[in-house]
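Here's the structure we're looking at; comments come further down.
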Ligand SMILES: Nc1ncnc2c1ncn2[C@@H]1O[C@H](COP(=O)(O)OP(=O)(O)OP(=O)(O)O)[C@@H](O)[C@H]1O
Ligand SMILES: [Mg+2]
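Protein chains in written order, with the working numbering: chain A, 1 to 527; chain B, 528 to 875.
Laid out in structure tokens, this is it:
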């Protein structure tokens, strides 16, 4: 990582930029926040940590006027404030980039920046807005293309637009809710540079993340929430990942080594259950995203897919699960070529899919938790019997998925968007594992989960493999891939650079392959 | 010192929502009353008159019963389309198309009695379906916004009916020269003037609610309506569902047109819809996506319309009546929003 920043010292004499005192927030059946104090100094990057559902997003929603606290005070620059809406919060210099972006997809970058802004010129043509946007981008050193539509942008670029939108409104406190969950390591480094730059002039950043290394790298101080309450504030320099994890869950977390195959685990099948042969795939813009890929997935193995995000991972997971048609090539399940299958057929054959954009495509945010939990099994007994959908049976099934996912749910009829981001992801993951009797395609399954939950999730993936399912694990975390995979394929610009057996892996070689170097002489297992 | 301020809740409690609506309607009536008082009418007497003549006599109740039939169906038509995320602004046109097709069968098909009614019913639903077919296909295959296409087709249907009733199908030697001859097949009445169309409309709304809540198909429709991307992820035939639901929506509005012809007007004439199609949009908005809610929203709307008719007999103009209707809807919408807020008191 980068060189350790000098030890942070709380500036004496300076008033905190943001101070929260005794904040409480209750939802029906849930204490989201209780007695929470938080103090953020000018020039500080302050991290907010906690398990899924600990109340981090809620606390920040209160600070930015989306929710009103049930108790407690918000003090900005020494003055008590009340924000009835985010507009008032941003007027006081507090802006937030949310866990799920709130950009208007059909609009351009410039239009999104100027949307709902008092300083937008009354009569503005597209060139004027774009020119203003370019000037802002220059000023804050954030590269964006003013005339591009949001749909054309990568996730990292969309995030830059969100940040620029907040900074343009003269924010002095920038709140980022899990900003790096969707970024490539390179994009994350860019972001950190921009953040350091931003606080160097006396501004402050509040940063929510589940990646403990990253928290220690970027932040000055860390506040930990547990079950809606504050568990402490620490100097990052005094912490280790293990200590933070302990503060978050209240006990030590032991990271299990998962490579060992227990006796009785299903053996790796000799013939592949799922097979791609010379498959090319187009992306949404009609460009070739995968170039003639061949890949075998066998029963009882975990096939890791390494690579920097955006090199065809999305299209790969989609073509493996029937949500995207191959342009050319053959897809075989159990040796039978699938001609025109759709996702429902793949599900019927026991193929589960944890999509990378699970909250956008894997859920219906406005429908109930029950409706979302039964998405994969609604069409068969016990939920549907003779064409009749049985809400009672649906709820029973939802309840069992929620308890397997270890998510506590006060009310199954409430819209699923009311759950914390991580808890939504856990439900999707469990839902998919239930149906993945043959294959599970898991794209970045640990994104957005807290350390404990990641551990549990990976454990389940291994159990699924031991029970005889084939797993395709797409991830950017090399450590995770090395810890779990039996074989690792490296994806670069829509091509497989090579497939390595895990017991003969050379990290440097993987690194080179991720940068586009083809597999060396040593004889690839399969290409 | 205690300080009061407003707090917005992410979702309103049912009690608050109901209370806000009752308050909104009461407030609208009070404002209307004050305005009436200003133009020299006695609002209390007028109010009493409205209540006694619409609710206090069987004639009034029968009128309500007749009004509520097309309103339930057009409201249901719009609500059904909403389930899959489509706005059917064309219930008006589909109503006319249904009335047109039903009249064609009633006038010219060699069917007798009951069979003629069945034929008219099928034709009415089919007419409405045909009228939404192009918007449905255009939305499904070319992503053309249905708001505009359905709206434009309204004018075509209105003109078509106007043309046939004053020209091609006009009753020769008739008194008015602006309507077709009387259609013989009639839906029998079961209570005064109210015909069996009322139970049919109510049953249809209940059936729709059941279909959406208790069938696999209904689940899929709600899912796609809530997030089209999820439909793709699950491999649901989203396009087919969109077309089916929109056609169903059109057919329901078409049936409303047929019931109006066969149940109460008995001839095809211009202006047959009384704006029921557009009023259906308001009914759907009041019902907030609930098919059962449509029944109650339609009843409320029928009462307002009926009150309007009574007020007109008391010398008020149509526009006054429309203004009061608008006021009620406007305040209800505000009330719905305000029910998300509560007043809290903090001590300082
Ligand atoms: N609008 C709401 N209605 C009901 N409950 C809610 C609502 N918003 C949040 N909650 C509940 O409050 C709790 C805290 O949620 P919050 O989103 O703050 O968690 P979080 O710490 O951000 O978690 P994550 O790491 O998973 O994003 C959760 O139990 C959640 O279900
Ligand atoms: Mg969160």
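Note that the Cβ used here is the ideal one computed from N, Cα and C, for glycine as well.
Short CB-CB distance (under 7 Å) between residue i and chain B
i                      : result
residue 20 of chain A  : no
residue 412 of chain A : no
residue 198 of chain A : no
residue 378 of chain A : yes
residue 201 of chain A : no
residue 107 of chain A : no
residue 285 of chain A : no
residue 318 of chain A : no
residue 342 of chain A : yes
residue 95 of chain A  : no
residue 507 of chain A : no
N-terminal and C-terminal residue of the alpha helix (DSSP H) that residue i is part of
i                      : result
residue 243 of chain A : 241-249
residue 185 of chain A : 185-199
residue 847 of chain B : 845-865
residue 58 of chain A  : 56-63
residue 608 of chain B : 585-610
residue 642 of chain B : 640-669
residue 432 of chain A : 421-435
residue 697 of chain B : Per DSSP, residue 697 of chain B belongs to no alpha helix (DSSP H) and is neither H nor E.
residue 771 of chain B : 765-786
residue 541 of chain B : 541-565
Residue i at chain A interface by Cβ criterion, 7 Å
i                      : result
residue 706 of chain B : no
residue 850 of chain B : no
residue 756 of chain B : yes
residue 753 of chain B : yes
residue 730 of chain B : no
residue 814 of chain B : no
residue 738 of chain B : no
residue 874 of chain B : Its pLDDT being 42, under 50, residue 874 of chain B is placed unreliably by the model, and nothing is read from it.
residue 762 of chain B : yes
residue 750 of chain B : yes
residue 565 of chain B : no
residue 866 of chain B : no
residue 766 of chain B : no
residue 746 of chain B : yes
residue 529 of chain B : Any reading at residue 529 of chain B must be qualified, since the residue scores a pLDDT of 49, below 50, and its modelled position is unreliable; no value is offered.
residue 666 of chain B : no
residue 741 of chain B : yes
For residue j and residue i, believed in contact at Cβ under 8 Å, the rounded distance
i                      : j                      : result
residue 315 of chain A : residue 274 of chain A : Their Cβ separation, rounded to whole angstroms, is 16 Å, which puts residue 315 of chain A and residue 274 of chain A out of contact at 8 Å.
residue 624 of chain B : residue 360 of chain A : In fact, because the Cβ distance is near 38 Å, the residues do not count as touching under 8 Å.
residue 750 of chain B : residue 478 of chain A : Residue 750 of chain B to residue 478 of chain A, Cβ: 37 Å. No contact.
residue 354 of chain A : residue 453 of chain A : Rounded, the Cβ-Cβ distance is 13 Å, inconsistent with contact.
residue 219 of chain A : residue 45 of chain A  : 5 Å
residue 322 of chain A : residue 436 of chain A : Not confirmed; about 13 Å, so no contact.
residue 352 of chain A : residue 440 of chain A : 5 Å
residue 789 of chain B : residue 629 of chain B : 6 Å
residue 93 of chain A  : residue 24 of chain A  : About 24 Å separates the two Cβ atoms, so there is no contact after all.
residue 301 of chain A : residue 268 of chain A : 5 Å
Distance cut-off 6 Å: residue i Cβ against heavy atoms of ligand 2
i                      : result
residue 834 of chain B : no
Any non-hydrogen atom of ligand 1 within 6 Å of residue i CB
i                      : result
residue 101 of chain A : no
residue 30 of chain A  : yes
residue 54 of chain A  : yes
residue 392 of chain A : no
residue 232 of chain A : no
residue 418 of chain A : yes
residue 27 of chain A  : yes
residue 65 of chain A  : no
residue 50 of chain A  : yes
Where the beta strand (DSSP E) containing residue i begins and where it ends
i                      : result
residue 228 of chain A : Per DSSP, residue 228 of chain A belongs to no beta strand (DSSP E) and is neither H nor E.
residue 332 of chain A : 328-333
residue 46 of chain A  : 45-50
residue 744 of chain B : That residue, residue 744 of chain B, is in no beta strand (DSSP E); its alpha helix (DSSP H) goes 743-753.
Inset, instruction - Name all residues in chain order for which at least one heavy atom of ligand 2 lies closer than 7 Å to the residue's CB. - result: A:56, A:57, A:99, A:177, A:178, A:208, A:420, A:421 and A:422
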